[in-house]
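Visitor:
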Amino acid sequence: MIDKNIYRIHYLHCKKIYVALEELNIPYDLHLVNIGKDEQFTPEFLKISPNNKIPAIVDQNPPPEFGEGHLSIFESAAILQYLADYKKGKGAPDLYPKNPRERVKVNEWLYWQIAGLGPMMGQLNHFSSKNIDYAKERYSKEVDRLFGVMNKRLGEYEYLAGDNYTIADIASYTWLLNDNKLKATDTPYQNIKAWIERISARPAVKKAIEAAKAK
Ligand SMILES: N[C@@H](CCC(=O)N[C@@H](CS)C(=O)NCC(=O)O)C(=O)O
Numbered sequence: 001m002i003d004k005n006i007y008r009i010h011y012l013h014c015k016k017i018y019v020a021l022e023e024l025n026i027p028y029d030l031h032l033v034n035i036g037k038d039e040q041f042t043p044e045f046l047k048i049s050p051n052n053k054i055p056a057i058v059d060q061n062p063p064p065e066f067g068e069g070h071l072s073i074f075e076s077a078a079i080l081q082y083l084a085d086y087k088k089g090k091g092a093p094d095l096y097p098k099n100p101r102e103r104v105k106v107n108e109w110l111y112w113q114i115a116g117l118g119p120m121m122g123q124l125n126h127f128s129s130k131n132i133d134y135a136k137e138r139y140s141k142e143v144d145r146l147f148g149v150m151n152k153r154l155g156e157y158e159y160l161a162g163d164n165y166t167i168a169d170i171a172s173y174t175w176l177l178n179d180n181k182l183k184a185t186d187t188p189y190q191n192i193k194a195w196i197e198r199i200s201a202r203p204a205v206k207k208a209i210e211a212a213k214a215k
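Residues 1 to 215 (our numbering) make up the sequence shown, in order.
#1: Grab me the residues of I79's own chain with a C-beta within less than 7 Å of its C-beta, minus the 5 sequence neighbours each way, in chain order.
#2: On the three-state DSSP scale, how would you describe S129?
#3: Given 7 Å as the limit, tell me if N76 has its C-beta closer than that to any heavy atom belonging to ligand 1.
#4: Mapping DSSP to helix, strand and coil, what is E197?
#5: Identify, in the order they occur along the chain, each residue of the same chain with its Cβ nearer than 6 Å to the Cβ of L182, setting aside the five sequence neighbours on each side.
#6: For A56, report the span of its beta strand (DSSP E) as first-last.
#7: Identify whether Y28 lies in helix, strand or coil by the three-state DSSP scheme.
#8: Is L95 closer than 8 Å to E22 when the C-beta atoms are compared?
#9: So the candidates are E75, Y173, E39; which of them puts its Cα closest to the Cα of A201?
#10: Measure the Cβ-Cβ separation of T166 and Y157 and say whether it is below 8 Å.
#11: Based on Cα-Cα distance, which residue from N51, P50, E39, P27 lies nearest to D59?
#12: Check this for me: beta carbons of K105 and A184, under 8 Å apart or not?
#13: Could you pull out every residue in the same chain whose Cβ sits closer than 6 Å to the Cβ of P62, ignoring the five residues on either side in sequence?
#14: What residues in its chain sit with their C-beta under 7 Å from that of L146, if we drop five residues either side in the sequence?
#15: Could you name the residues of the same chain whose beta carbon sits closer than 6 Å to that of P97, not counting the 5 residues immediately before and after it, in chain order?
#16: Using a Cβ-based criterion (distance less than 7 Å to any ligand heavy atom), does Q40 qualify as near ligand 1?
#17: Between N52 and ligand 2, is the CB less than 7 Å from at least one heavy atom?
#18: Please indicate yes or no: does the CB of P55 lie closer than 7 Å to some heavy atom of ligand 1?
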């Protein structure tokens with residue numbers, strides 16, 4: 001059981017973890033680390049997440065191959081991979097296939113979000129309230145380019161890694177869910193819009209998003 005040590009606040013990286021925990025039927029407790037109040041810099045949290053970022057988890061009962069003692073993990077992709085590989089509950093879907101050809105596709109799109117979409121959308125959000133046209137234009141163009149790449153992919157496949165829903169979809173979904181450009185009826189990114197609707201209809205996703213709102 002993941003116990004009493006999921007550090008969280010309502011940021012998009014953290015919502016990924018909510019969704020994965022619900023999809024995978026993993027019991028968990030949430031702990032608030034308020035980055036607005038610099039709580040990510042406390043010595044206690046830095047032991048878990050030395051890069052002073054949320055999300056992070058502590059599993060009090062990792063599988064035997066991890067040896068004795070609890071296991072802490074920071075970086076959302078590493079958390080998603082661990083949960084899907086080692087903590088999948090009864091009846092939960094396989095979100096991280098073992099088949100190497102399928103797994104490499106999941107990794108591609110997972111890292112695409114972590115290294116591309118996430119940071120670029122983060123910069124765009126940051127600069128949207130600043131009066132620096134160069135930065136706004138740069139990040140806006142890059143986010144549009146990334147949306148275009150994703151939209152093309154989702155025109156060819158139902159999910160980012162192929163035919164099946166995986167942790168790669170979870171990683172991008174929480175970032176795109178509330179994007180106004182994608183919500184618009186006449187969005188040029190219709191394949192992304194349809195993919196968001198498909199994922200939003202999943203019971204575990206509904207539960208996770210409601211839970212995140214309630215906190
Ligand atoms: N690559 C990291 C990014 C995490 C991240 O950027 N977290 C932000 C909130 S969304 C944070 O904790 N910021 C606090 C800080 O930078 O001090 C991941 O995917 O987990």
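Ideal placement from N, C-alpha and C gives every residue a C-beta, glycine not left out.
Guide: A quick look at the data gives this:
#1: For the purposes of this step, residue 79 is identified with residue 79 of the sequence shown, where counting begins at 1. Excluding residues within five positions, the ones whose Cβ falls inside 7 Å are I17, P55, I57, I73.
#2: Here residue 129 corresponds to residue number 129 of the sequence shown, with the count starting at 1. The answer is coil: DSSP assigns S129 none of H, G, I, E or B.
#3: Indexing the sequence shown from 1 puts residue 76 at position 76. A quick correction: the sequence has Ser, not Asn, at residue 76. Yes, Cβ of S76 sits closer than 7 Å to a heavy atom of ligand 1.
#4: If you number the sequence shown from 1, residue 197 lands on position 197. DSSP places E197 in helix when its eight states are reduced to three.
#5: By one-based count along the sequence shown, residue 182 stands at place 182. Around L182: L176, Y189, I192, K193.
#6: For the purposes of this step, residue 56 is identified with residue 56 of the sequence shown, where counting begins at 1. Segment 56 to 59, the beta strand (DSSP E) holding A56.
#7: In the sequence shown, counting from the first residue as 1, residue 28 sits at position 28. Coil at Y28, not helix or strand.
#8: For this step, residue 22 is matched to residue 22 along the sequence shown. For this step, residue 95 is matched to residue 95 along the sequence shown. Result no, Cβ atoms of E22 and L95 do not sit closer than 8 Å.
#9: Here residue 201 corresponds to residue number 201 of the sequence shown, with the count starting at 1. Cα-wise, what sits closest to A201 is Y173.
#10: The residue you call residue 166 lines up with position 166 of the sequence shown. The residue you call residue 157 lines up with position 157 of the sequence shown. Their beta carbons are not under 8 Å apart, which means T166 does not touch Y157 by this criterion.
#11: For the purposes of this step, residue 59 is taken as residue 59 along the sequence shown, with counting starting at 1. The option with the nearest alpha carbon to D59 is P27.
#12: Along the sequence shown, one-based indexing puts residue 105 at 105. Along the sequence shown, one-based indexing puts residue 184 at 184. Going by C-beta atoms, K105 is not nearer than 8 Å to A184.
#13: Within the sequence shown, the letter at position 62 stands for residue 62. So the list reads L71, once near-sequence residues are dropped.
#14: As a working note, residue 146 is residue 146 in the sequence shown. Result list for L146: G116, L117, M120, in chain order.
#15: Reading the sequence shown from its first residue, position 97 is the one you call residue 97. R103.
#16: Taking the sequence shown and counting its residues from 1, one reaches residue 40 at position 40. Q40: yes, Cβ under 7 Å from ligand 1.
#17: Ligand 2 is not part of the structure shown, which contains ligand 1 as its ligands.
#18: Taking the sequence shown and counting its residues from 1, the one referred to as residue 55 is at position 55. True, at least one ligand heavy atom lies under 7 Å from that Cβ.
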